[in-house]
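Remember, this note's numbering sits 2 above the position in the sequence shown when you count from 1. Where is the CB? At the ideal position from N, CA and C, for every residue including glycine. I have placed the structure first, in the form of C-alpha cells, so that the comments after it can refer back to it.
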Amino acid sequence: MKPTWWQLYGIGVLLVALIGLIEAVLSAGALRTTLESAAVPLAVAPLQTPSSPKLASQQISRVPRRRQA
Numbered sequence: 003m004k005p006t007w008w009q010l011y012g013i014g015v016l017l018v019a020l021i022g023l024i025e026a027v028l029s030a031g032a033l034r035t036t037l038e039s040a041a042v043p044l045a046v047a048p049l050q051t052p053s054s055p056k057l058a059s060q061q062i063s064r065v066p067r068r069r070q071a
C-alpha cells in the first residue's frame, strides 16, 4: 500500500520536529548523532508494516508445512 501525500508530509513534519527537539536538548556529540540517525528509520518504520492483520496472516500462511508421517 502506497502512502498518501498527507502521510508523507506528516512524516516530514515529525522528523523535523524530532530532530529539532534532539538538537535543542542535547549538546553535540556521539549520543546526539546516534539519536538523530535513529529518528529516520523509526519515523519511516510504520510505513513498512502491514496495515491489516489479514495481510500478516496471508504472509504467514504461505510458509510450506511439512507432511506428517
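For the alpha helix (DSSP H) that residue i lies in, which residues bound it at each end?
i: P5; result: Neither: P5 is in no alpha helix (DSSP H) and is coded neither H nor E.
i: Q50; result: 32-50
Here's a check: name, in chain order, each residue in its chain whose Cβ is nearer than 8 Å to the Cβ of residue i, leaving out the five neighbours to either side.
i: E25; result: R34, E38
i: A41; result: L17, L20, I21, I24
I believe residue i touches residue j by the beta-carbon criterion, under 8 Å. Please report the beta-carbon distance rounded to the nearest angstrom.
i: P5; j: L49; result: 6 Å
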